[in-house]
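If you're matching them up, the sequences are chains A and B in order.
Just so you know, my numbering puts 178 at position 176 of the first sequence, and the rest follows in order with no gaps.
Just so you know, my numbering puts 180 at position 178 of the second sequence, and the rest follows in order with no gaps.
We put the CB at the ideal spot given by N, CA and C, even for glycine.
There are 2 protein chains.
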Amino acid sequence: MAPEKARRRPVQARAQVTYDAILQATAQVLVAEGFDKASTNRIAKVAGVSVGSLYQYFGNKEGVFTALIDQVCDEQIALLQGMAGAMLAAPLPVAARAYVEALLATHERDRAMHEAISQQAAHLGLPGLRRVQAESRRVVRRYLEAHADAILPTNLDLAAFALVGMVQGMVDSAFFCEGAAAWPGLAEEICRVVLRYLLGHDAAPA
Amino acid sequence: MAPEKARRRPVQARAQVTYDAILQATAQVLVAEGFDKASTNRIAKVAGVSVGSLYQYFGNKEGVFTALIDQVCDEQIALLQGMAGAMLAAPLPVAARAYVEALLATHERDRAMHEAISQQAAHLGLPGLRRVQAESRRVVRRYLEAHADAILPTNLDLAAFALVGMVQGMVDSAFFCEGAAAWPGLAEEICRVVLRYLLGHDAAPA
DNA sequence: ACATAATGTGAGCCACCACTCACGTTCAAG
DNA sequence: CTTGAACGTGAGTGGTGGCTCACATTATGT
């Protein structure tokens, strides 16, 4: 039950290779065959190692999945922060657009991955997903601060919270409802929601 | 794998009692002990019946969960439609407020339930959750039609989609991020988002 | 070269779990 | 009351999967 610590940390190069292979195999099996087929024996076989090796680096089955989820969350956060740096000085319509597109893109990229993980989200993934949301709010809040004189909301914490939630909600809905993600006006509409909330009107075209 | 049909439908009263007890026990075990502890034997024991009885009404384990999810979704949809009838003629700020409060309330009521179910959402719950979202969009769309001359969006399908997604997203975020659900200005802020999207400005106070 | 630690192996143990079946019990109809 | 159908039972079966452990192999320091 409790997330046990890893038995051993990889120190030699070949150990790191094994470790990475296990995580990659976990992702692959999860996406291709579903959670209930993802036994430790199957993961080890796909990774090309023995079960014993798996249990050298992960205390139990749960540990494998939490490690994988952590890795995915770290990537997502890194992408977020990278974008934030490039967008801090950008005007609102541009930044909004970039944020929306980025979220749509990551969803597109590893849709199956997210689905498989969220299958166990309440149990294992929740802390990780919380981290991503918290970091998203932090990034958005910093942007709002820099543009505080141009927007309506004065409670920036609440505004960041609302923004991250609403965009995530619409993007999720789009992928949830098959086919909707490809709707032509979707990204525009999400941006419209954001801009009307922040400005009270649509952005004037340049 | 495939959702097998129930072996037998309860016809006598005591059979219905057994059937209901099984579903209720499933919900209870799911919430109190988590999905992986919810074995058919455990469910039967908590329900106070024998495993054999369980398999008289459900073809397999999956069938128990899908039946439970269907039941929860039906309740949610019924609540939605009931509210829609009462709100069709209401002015926008009132209707928006009612919708938001209703969502917040249902989340509050069976938060653990939703969490446990969404744990298996990708596998079992997806069709049910899709039904709820689709019905939500239909209800919202009907309302928008009735008030089409008072709102900015012209593509009502897209608007309904965006509205349901954004509200759901913000509500989910609130419960996701512990404590946030109790934030004082939360419901107001969600309404503000909705109204600025639909009207382009905040509602004038009565 | 040698010792020692790090890494890798996989057959097998054990516990658990989905599901069955042969048998009892309760109901409803004639 | 009788009869048969609906309902209920729970020990048992087959299979699976998490995890171990005794042993083999490879790297590292001296």
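Local conformation of V51/B per DSSP, three classes: coil
Contact list for E191/B against chain A, beta-carbon separation under 7 angstroms: L160 and A164
Assigned secondary structure, A92/B (DSSP; H/G/I helix, E/B strand, else coil): coil
Short CB-CB distance (under 8 angstroms) between G61/B and chain A: no
Within chain B, the residues that C179/A reaches when beta carbons sit closer than 7 angstroms: R132 and Q135
Inter-stretch contact (C-beta, 8 angstroms, three-pair minimum) for the stretch 103 to 117 of chain B and the stretch 61 to 69 of chain B: no
Alpha-carbon spacing of Y57/B relative to R9/B, whole angstroms: 7 angstroms
Residue burial classification, P5/A (beta-carbon count within 10 angstroms, cutoff 16): Low confidence applies to P5/A: its pLDDT is 49, below 50, so where it sits in the model is not reliable, and the reading given next is rough at best. Burial call: exposed.
Contacting residues, own chain, Cβ-Cβ under 7 angstroms from L197/B (five flanking each side not counted): L94, P95, A98, D204 and A205
Where the alpha helix (DSSP H) containing V142/A begins and where it ends: L128 to A148
Neighbourhood of I71/B by C-beta distance below 7 angstroms, restricted to the same chain and skipping five residues each side: I119, L126, G127 and G130
Any chain B beta carbon closer than 8 angstroms to M168/A: yes
Against chain A: residues of the stretch 63 to 74 of chain B by CB proximity under 7 angstroms: none
Start and end residues, alpha helix (DSSP H) containing L158/A: L158 to F178
The stretch 140 to 152 of chain B: positions lying closer than 7 angstroms to chain A by Cβ: none
Own chain partners of P155/A with C-beta closer than 6 angstroms, once the 5 adjacent residues on each side are dropped: A161
Beta-carbon proximity check, A164/B vs E110/A, cutoff 8 angstroms: no
I24/A: first and last residue of the uninterrupted alpha helix (DSSP H) it sits in: A15 to E35
Whether A40/A touches T28/A by CB criterion (8 angstroms): yes
Simplified DSSP assignment, three categories, for G202/B: coil
Partners in chain A for A107/B, counting only beta-carbon separations shorter than 7 angstroms: Those within 7 angstroms of A107/B in chain A number zero; the least Cβ separation is about 18 angstroms.
DSSP three-state assignment for N62/B, whether helix, strand or coil: coil
Three-state class that DSSP yields for D72/B in the structure shown: helix
Cβ distance (whole Å) where I45/B is taken to contact V134/B below 8 angstroms: Not confirmed; about 24 angstroms, so no contact.
Coil, strand or helix - L154/A by DSSP: coil
Nearest neighbour of A69/B, chosen from A182/B, L81/B, L25/B and A91/B [CA to CA]: L25/B
8 angstroms Cβ cutoff, R198/A in contact with chain B: yes
Cβ pair V166/B, V195/B closer than 8 angstroms: no
Residues, ordered as in the chain, of the stretch 89 to 115 of chain B that lie near chain A by beta-carbon distance below 8 angstroms: none
C-beta neighbour in chain A for V53/B, strict 8 angstroms: no
Buried or exposed (CB count within 10 angstroms, at least 16 for buried), R139/B: buried
CB contact check: V195/B to chain A, cutoff 8 angstroms: yes
M3/B versus A107/B - alpha carbon distance: Its pLDDT being 42, under 50, M3/B is placed unreliably in this model, and the coordinates cannot settle the point.
Contact list for S41/A against chain B, beta-carbon separation under 7 angstroms: Going along chain B, no residue has its Cβ under 7 angstroms from S41/A, so there is no contact; the nearest lies around 13 angstroms.
Min CB distance A205/A to chain B below 8 angstroms: no
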